[in-house]
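Here's the structure we're looking at; comments come further down.
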Amino acid sequence: MGLLLFTPVAFLAWFPFVSEFQTRMLFNQAFSRGLQISRILGGHRKDRASRHKE
Numbered sequence: 012m013g014l015l016l017f018t019p020v021a022f023l024a025w026f027p028f029v030s031e032f033q034t035r036m037l038f039n040q041a042f043s044r045g046l047q048i049s050r051i052l053g054g055h056r057k058d059r060a061s062r063h064k065e
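Per this note's numbering, the sequence shown starts with residue 12, numbered consecutively.
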C-alpha cells in the first residue's frame, strides 16, 4: 500500500514544475509579501524617473 502512494509522488518530484508549485504552496505568504514590496519599490523608482525628466 505504501508503494502505491510513494511511487507517483516520487515520480512527480522529478519534474521541476512540481517543485516550484510545492514551493509556492508552502511559502505563498512570503511570495505575496515580496510582490507587494516590489510594487512599492517599483512605484517609487518611477516617481524618481519622472522627477528627473522635468
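Glycine included, C-beta positions come from ideal geometry on N, C-alpha and C.
My understanding is that residue i touches residue j, with C-beta atoms under 8 angstroms, so please give their C-beta distance in whole angstroms.
| i | j | result |
| --- | --- | --- |
| V29 | L37 | That pair is no contact at about 13 angstroms. |
Is any heavy atom in the ligand GDP found nearer than 7 angstroms to the beta carbon of residue i?
| i | result |
| --- | --- |
| F26 | In the structure shown, the ligand GDP is absent, as is every other ligand, since no ligand is present at all. |
Apart from the five residues just before and just after residue i, which ones in its own chain have a Cβ nearer than 6 angstroms to its Cβ?
| i | result |
| --- | --- |
| F16 | Rather than Phe, the amino acid found at residue 16 in this sequence is Leu. Excluding sequence neighbours, L16 sits near nothing in its chain. |
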